[in-house]
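Okay, so here's the structure we're looking at.
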Amino acid sequence: MVLGGCGACVVLLSKYDPVLDQVEDFTASSCLTLLCSVNGCSVTTSEGLGNSKDGFHPIHQRFSGFHASQCGFCTPGMCVSLFGALVKAEKKDQREPSPGFSKLTVVEAEKGYLRKSLSLYWISTHC
Ligand code: FES
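Be aware that the sequence shown starts at 1, since it is given in UniProt numbering, and climbs by one per residue.
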């Protein structure tokens with residue numbers, strides 16, 4: 001058994017870096033992250049992106065609309081992982097993409113947790 005290998009608990013951690021004067025975002029498996037290491041971080045879960053009460057995030061809607069989840073256990077982690085990749089991509093210093101597209105490349109979308117799922121690969125290349 002590989003601990004922390006499924007990625008179902010991925011959250012987005014955001015922390016202000018006063019030296020760079022910017023917010024750094026990174027994803028982490030929450031089950032492997034020590035509480036003391038997230039001091040000063042904002043933690044965004046899948047429910048923080050969207051939920052049944054406040055409305056679902058477009059990533060949730062696409063997962064649902066494209067039937068991208070299988071058993072659904074890992075889907076929250078996939079949604080946060082994709083959201084984190086989009087957040088990072090939008091901060092890249094490159095020209096703006098065409099309307100309706102993001103700066104996230106397929107290669108970037110496939111990194112980490114996203115690579116584990118064939119259905120997510122399909123979503124990341126078609127959405
Ligand atoms: S990586 Fe599987 S529950 Fe955290």
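Ideal Cβ positions, reconstructed from N, Cα and C, are used throughout, including at glycine.
With a 10 Å radius around the Cβ and a threshold of 16 neighbouring Cβ atoms, Val107 comes out exposed. Three or more Cβ pairs drawn from the segment 33-52 and the segment 6-13 lie within less than 8 Å of each other, which places the two stretches in contact. Residue pairing by DSSP places Gly55 opposite Asn51 in a beta bridge. Taken through DSSP and simplified to helix, strand or coil, Glu24 comes out as strand.
Apart from the 5 residues on each side of it in sequence, Val38 sits with its Cβ closer than 7 Å to the Cβ of Leu13 in its chain, given in chain order. Secondary structure of Leu3 (DSSP, three-state): coil. Separation of Gly4 and Cys74 (C-alpha to C-alpha, rounded to the nearest whole angstrom) is 12 Å. Not one heavy atom of ligand 1 falls within 8 Å of the beta-carbon of Leu12. Set against 8 Å, the gap from the CB of Ala8 to the closest heavy atom of ligand 1 is smaller. Sixteen is the threshold: since fewer than 16 other Cβ atoms of the shown chains lie within 10 Å of the Cβ of Ser98, the residue is exposed.
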